[in-house]
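Enquirer: Take this structure first; my questions come after.
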Amino acid sequence: MINSAPHADGHTFSSLWLPLVLLVGGLFLAGCGATAPVVQSVSGPDTLETEETGTFEASINQEADAPVTYTWNFGDGSTGSGLLTNHSYSSTGRYSIRFEASNEGGSDTDTISVRVVPPPQPASITSINASPNPVDEGESVRFSSNVQGDSPVSQEWSFGDGSTAMGESPTHTYEEPGQYTARLEASNDVGEDSRTVTVRVSRVLPEVCTTVSEMNAAFFERNSSTLTDDAESSLQENADIL
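Residue numbers are given in numbering that gives the first Met the number 0: position 144 of the sequence shown equals residue 143, and the series is strictly consecutive.
Here it is as structure tokens:
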């Protein structure tokens with residue numbers, strides 16, 4: 000037997016419809032909750048140089064109900080938004096990057112890390128020196144320099160007289176007097192640099208040493224300024240010795 004009850008508007012509501020109304024209402028209420036996002040992937044470069052821009056990308060489940068908010072935290076106080084974003088770092092170090100997706104149904108996060116390193120350093124000569132300078136001909140000169148840059152750095156010297164050498168602190172001997180321009184070229188995989196130093200080489204004068212033999216004595220005549228014949232002969236012999 001189906002019972003019915005009068006409605007306020009005078010219509011009759013059958014108890015047969017009550018379970019059906021409750022069932023449909025329950026299904027409707029169950030479908031009102033938003034589907035939360037699930038982070039499926041987060042990617043970005045493993046290594047960046049300082050001031051180099053990196054691209055970071057994330058993906059979530061397609062079933063997540065809109066609107067979904069995407070937030071990036073780059074670990075240096077900076078943030079970003081969207082599934083695709085760019086960022087650069089001004090300081091070296093390792094940074095943890097956090098991505099979060101959220102909507103009314105909930106949120107999900109994932110993290111990755113990036114290592115930030117200095118950019119490559121080209122070869123750079125900060126100083127060059129030659130010692131002693133000036134130098135005498137035939138004397139060795141030691142060359143030195145201060146070179147910076149990523150290793151390995153090649154150093155090639157040319158001394159201005161046709162001679163060359165490799166290395167950090169070579170020595171060289173100039174055989175002739177004059178003014179020479181020594182040149183250093185430093186290079187690595189990133190770049191190169193060069194500098195010069197002027198070396199002044201002085202002539203060495205030979206030492207003059209004369210051994211004087213024993214001289215002859217010369218005598219004047221008594222009470223006279225006139226030389227005797229023997230004295231004149233002795234003076235002439237002395238002149239021949241000198």
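For each residue, glycine too, the CB sits at the ideal point set by N, CA and C. Source: prediction; values computed, not measured.
Rounded to a whole number of angstroms, what is the C-alpha to C-alpha distance between V196 and S144?
Expert: Those two C-alpha atoms are separated by around 11 angstroms.
Enquirer: Look at the Cβ atom of E50, then the Cβ atom of S87, and state whether they are nearer than 7 angstroms.
Expert: Result yes, Cβ atoms of E50 and S87 sit closer than 7 angstroms.
Enquirer: Going by Cα to Cα distance, which pick from P176, D135, A57, P119 is closest to S150?
Expert: Out of P176, D135, A57, P119, P119 has the C-alpha closest to the C-alpha of S150.
Enquirer: When you compare the CB positions of R141 and T170, do they come within less than 7 angstroms of one another, or not?
Expert: Yes. Within cutoff.
Enquirer: Mapping the DSSP letters down to three states, classify D109 as helix, strand or coil.
Expert: Correct three-state label for D109: strand.
Enquirer: Taking the alpha carbon of G92 as the point to measure from, which residue in T52, T46, G161, W71 has its own alpha carbon closest?
Expert: The shortest C-alpha separation from G92 is found at T46.
Enquirer: If I follow the unbroken beta strand (DSSP E) through A181, where does it start and stop?
Expert: Where A181 is concerned, the enclosing beta strand (DSSP E) stretches over 177–186.
Enquirer: How many Å lie between V203 and V115 at the Cα?
Expert: Rounded to whole angstroms, V203 to V115 spans 59 angstroms at the Cα level.
Enquirer: Nearest CA to the CA of N60: which residue from T70, D75, A35?
Expert: Selected option, being the one with the closest Cα: A35.
Enquirer: How big is the Cα-Cα spacing for N132 and E184?
Expert: If I take the Cα positions, the gap works out to 20 angstroms.
Enquirer: Does the stretch 62–74 come close enough to the stretch 98–118 to have 3 or more Cβ pairs within less than 8 angstroms?
Expert: The stretch 62–74 vs the stretch 98–118: in contact.
Enquirer: Which residues mark the beginning and the end of the beta strand (DSSP E) in which V146 is found?
Expert: It spans 139–147 - the beta strand (DSSP E) in which V146 sits, taken as one unbroken run.
Enquirer: Have a look at Q147, N128, E62, S232 and flag the residue whose alpha-carbon is nearest the alpha-carbon of D188.
Expert: The option with the nearest alpha carbon to D188 is Q147.
Enquirer: Sorted by chain position, which residues of the same chain lie with C-beta nearer than 7 angstroms to S112's C-beta, five sequence neighbours on each side aside?
Expert: Closer than 7 angstroms at Cβ, skipping near neighbours: R93, Y94, S95, I96.
Enquirer: For S42 and E56, which I take to be in contact (beta-carbon distance under 8 angstroms), what is that distance rounded to the nearest angstrom?
Expert: That pair is a contact at about 5 angstroms.
Enquirer: So, for E155: in the same chain, excluding its five sequence neighbours on each side, which residues have a beta-carbon less than 6 angstroms away from its beta-carbon?
Expert: The residues are M165, E184.
Enquirer: From T52 to E103, what distance separates their C-alpha atoms?
Expert: Cα to Cα, the separation comes out at about 33 angstroms.
Enquirer: Have a look at S162 and S123 and give me their C-alpha separation to the nearest angstrom.
Expert: Straight-line Cα distance between these residues: approximately 23 angstroms.
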